[in-house]
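Those protein sequence lines, which keep their order, are chains A and B.
170 is the number that the working numbering gives to position 170 of the first sequence; each next residue is one higher, with no gaps.
405 is the number that the working numbering gives to position 123 of the second sequence; each next residue is one higher, with no gaps.
Cβ atoms here follow ideal geometry from the backbone N, Cα and C, with glycine treated the same way.
Model, not experiment: these values are computed from the prediction.
There are 2 protein chains.
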Amino acid sequence: MAEILKGMPVVKHMKESQLEQVEKLRENGVIPKLAIVRIGEKPDDLSYERGVIKRFSGVNIDVEVFEYPENISNDEFIKAFEKINNDDKIHGILLFRPFPKTIDEKQVIRVFNPAKDMDGMLNENIAKVFSGDDSGYAPCTPQAVMELLDYYNIDLTGKKVTVVGRSMVVGKPLSMMLLKKNATVTICHTRTKDLMAECKAADIVIAAAGVAKMLNGDYISDGAIVIDVGINVDNDGNLCGDVDFDSCESKASMITPVPGGIGTVTTSVLAQHVIKAAMLKV
Amino acid sequence: MAEILKGMPVVKHMKESQLEQVEKLRENGVIPKLAIVRIGEKPDDLSYERGVIKRFSGVNIDVEVFEYPENISNDEFIKAFEKINNDDKIHGILLFRPFPKTIDEKQVIRVFNPAKDMDGMLNENIAKVFSGDDSGYAPCTPQAVMELLDYYNIDLTGKKVTVVGRSMVVGKPLSMMLLKKNATVTICHTRTKDLMAECKAADIVIAAAGVAKMLNGDYISDGAIVIDVGINVDNDGNLCGDVDFDSCESKASMITPVPGGIGTVTTSVLAQHVIKAAMLKV
Chain A
1 MAEILKGMPV VKHMKESQLE QVEKLRENGV IPKLAIVRIG EKPDDLSYER GVIKRFSGVN
61 IDVEVFEYPE NISNDEFIKA FEKINNDDKI HGILLFRPFP KTIDEKQVIR VFNPAKDMDG
121 MLNENIAKVF SGDDSGYAPC TPQAVMELLD YYNIDLTGKK VTVVGRSMVV GKPLSMMLLK
181 KNATVTICHT RTKDLMAECK AADIVIAAAG VAKMLNGDYI SDGAIVIDVG INVDNDGNLC
241 GDVDFDSCES KASMITPVPG GIGTVTTSVL AQHVIKAAML KV
Chain B
283 MAEILKGMPV VKHMKESQLE QVEKLRENGV IPKLAIVRIG EKPDDLSYER GVIKRFSGVN
343 IDVEVFEYPE NISNDEFIKA FEKINNDDKI HGILLFRPFP KTIDEKQVIR VFNPAKDMDG
403 MLNENIAKVF SGDDSGYAPC TPQAVMELLD YYNIDLTGKK VTVVGRSMVV GKPLSMMLLK
463 KNATVTICHT RTKDLMAECK AADIVIAAAG VAKMLNGDYI SDGAIVIDVG INVDNDGNLC
523 GDVDFDSCES KASMITPVPG GIGTVTTSVL AQHVIKAAML KV
């Protein structure tokens, strides 16, 4: 049976140093603050928002939610967003996407200050992830994977890692982060010919394809480490990952659960980003 | 014996369409023009510069060389560079790096207009390569690989491609370009544990490690395609690639030579970039 790599111990570990960092910031008169900018009320957004507010309250970081109706005009939204963006008391912004069609995303991106882009969506931050420059902000989910691997002392140097998924929010940036840690990285996707062989050849398999229970035990070699980034709903309405946990657990040496794995760590990474941004103000 | 994938037929093919495009531009009163900005007289720079001037004259693109002494002050250089950067008659800039230590590279990067960044060194262009957005400018060398693969009708969908090298000028951007064409990409480097196995498992091996004759026939499976991006000098003072041509040629189905392979195509890609930039002025 595999060791279960839960997210909560990683969160607790991060929380300790975050509490110290926030205390120092507050002593210096800087109250770290995140603005959440949301248009409409998508259930997924609201659920993530609640998670952020709860996690941030645990480490004494302020959160202000700016909520706009679905039918807000582009001009109105840009004006509101610019004000948030220019507010010195706000160190970071979490911006829910996709936007309604009435909003000109390119215009939003043009005004968005990369120094406040906490989920690494802007070109400046994307380029930094690509080049291995730590001065920017990476997307939170792939960084959560790296935090978890680090917490459980999983050394990546020379390891064969197969990443399933090539999205801009997980697969691609994660591949660059793994490469920086000297892993040999194979990036797979829907057009990969023999996905099973690619996964079986890996020391570490990271599933970020967005397909429920796509990888079962047949894809995993004995003793491999399995990291599940997926968050899906199965036929019974239960949360599940991209990995079929039961069949993989019997073969893997270590495996992350869903829920309670990577997803749990994501908001702690977001908190770390806000602290980093606030520290630049001291 | 492998088919030799020479660069010159690719160049000739690109030249035909480039001549047409330049003619149309000139008819519209736009004379496409590249500025080469060089500090000092490094032999490699001078050699590449001569190659650019020759290739560009063949497709009627203007080139102006701006040469500065090694001891130019930062202020002087920035002032000169800003003038070139703001010159409407100049559509693209090729900037030789690394700079002397007296030059503040960050300041140069801050003033450099991404729309004139013909070798894709700025964050905006890097991020576009990463995200698969064709509206920017990729580094010329990895794009030369893609042009050659395309010219020789080498379909990448589902192919297993091993890239040896993870540099920002070749390995990383090339991996993203291959991924966009639906290849399954493995990125190897100095810390890869079993490089031979990674190469032998590949349908296509791309060597971009910068080590003379590093990959010999033992690394290549029968019938594989071998692309050599290296440009090195061997012990006898002759140009050679990262691939030991003779031992690989007998096993591969196709192989690029050095010299006369990928390197030959690079300046044609640069010309293509200048034409693309000039077209935005019509």
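In chain order, Val319, Val390, Val393 place their CB closer than 7 Å to the CB of Phe363/B, counting only its own chain and leaving out the 5 sequence neighbours on each side.
Against chain A, a Cβ distance below 8 Å from Glu387/B picks out nothing, because the smallest value is about 13 Å. Residue environment: Val145/A is assigned as buried (16 or more neighbouring CB atoms within 10 Å of its CB, all protein chains considered). Residues of the region 466-493 of chain B whose Cβ lies closer than 7 Å to any Cβ of chain A, in chain order: Thr466, Val467, Thr468, Ile469, Cys470, Arg473, Thr474, Lys475, Glu480.
When rounded, the separation of the alpha-carbon atoms in Gln300/B and Gly92/A is 46 Å.
Close to chain B, meaning a Cβ-Cβ distance shorter than 8 Å, are the following residues of the region 160-176 of chain A: Lys160, Arg166, Met168, Lys172, Ser175, Met176. Rounded to whole angstroms, the gap between the alpha carbons of Ile544/B and Pro98/A is 40 Å.
The C-beta of Leu461/B comes closer than 8 Å to at least one C-beta of chain A. Under the three-state reduction of DSSP, Lys160/A is assigned to strand. Comparing alpha carbon positions, the residue from Tyr68/A, Pro32/A, Lys15/A, His13/A closest to Gly40/A is Tyr68/A.
Val467/B and Asp437/B have their C-alpha atoms roughly 14 Å apart. By the 16-neighbour rule on beta-carbons within 10 angstroms, Pro325/B is exposed. Under DSSP, Arg320/B shares a beta bridge with Glu349/B. Considering only beta carbons, the part of the region 126-157 of chain A lying closer than 7 Å to chain B consists of Ile126, Ala127, Phe130, Ser131, Thr157, in chain order.
Scanning its chain for C-beta atoms nearer than 7 Å, with the 5 sequence neighbours on each side dropped, one finds around Asn395/B the residues Asn367, in chain order.
Contact fails between the region 202-222 of chain A and the region 486-503 of chain B, because fewer than three Cβ pairs, one in each stretch, are under 8 Å apart. Residue burial annotation: Val564/B is exposed, with fewer than 16 other C-beta atoms found within 10 angstroms of its C-beta. Under the Cβ criterion of 8 Å, Asn123/A is counted among the residues facing chain B. Within 9 Å of the CB of Asn395/B, no CB atom of chain A is found; the nearest one sits about 14 Å away. Taking a beta-carbon distance threshold of 8 Å, Asn28/A does not count as an interface residue toward chain B. If you draw a straight line from the Cα of Leu376/B to the Cα of Gly512/B, it is about 21 Å long. The alpha-carbon separation between Val446/B and Met176/A amounts to approximately 15 Å. Neighbours of Asn182/A across chain B, judged by C-beta separation under 9 Å: His471, Thr472, Arg473, Thr474. Around the beta-carbon of Arg337/B, 16 or more other beta-carbon atoms lie within 10 Å, marking it buried.
Beta-bridge analysis with DSSP links Ala207/A to Val164/A, Asp228/A. Within the same chain, and ignoring the five residues on either side of Glu124/A in sequence, the residues whose Cβ sits closer than 7 Å to its Cβ are Pro114, Gly136. The DSSP-derived three-state label of Thr192/A is coil. Comparing C-alpha distances from Asp518/B to each of Glu305/B, Lys495/B, Lys306/B shows the shortest one belongs to Lys495/B.
When rounded, the separation of the alpha-carbon atoms in Lys181/A and Gly492/B is 21 Å. Under DSSP, the beta-bridge partners assigned to Met254/A are Glu3/A, Ile225/A. In its chain, beyond the 5 residues on either side, Arg38, Asp45 have a beta carbon closer than 6 Å to the beta carbon of Phe96/A. In the three-state DSSP reduction, Thr102/A falls in the coil class, being neither helix nor strand.
About 6 Å separates the beta carbon of Ala138/A from that of Pro173/A, a gap short enough to meet the 8 Å contact definition. Straight through space, the alpha carbons of Ala252/A and Ser268/A are spaced by roughly 26 Å. Straight through space, the alpha carbons of Met290/B and Asp344/B are spaced by roughly 22 Å.
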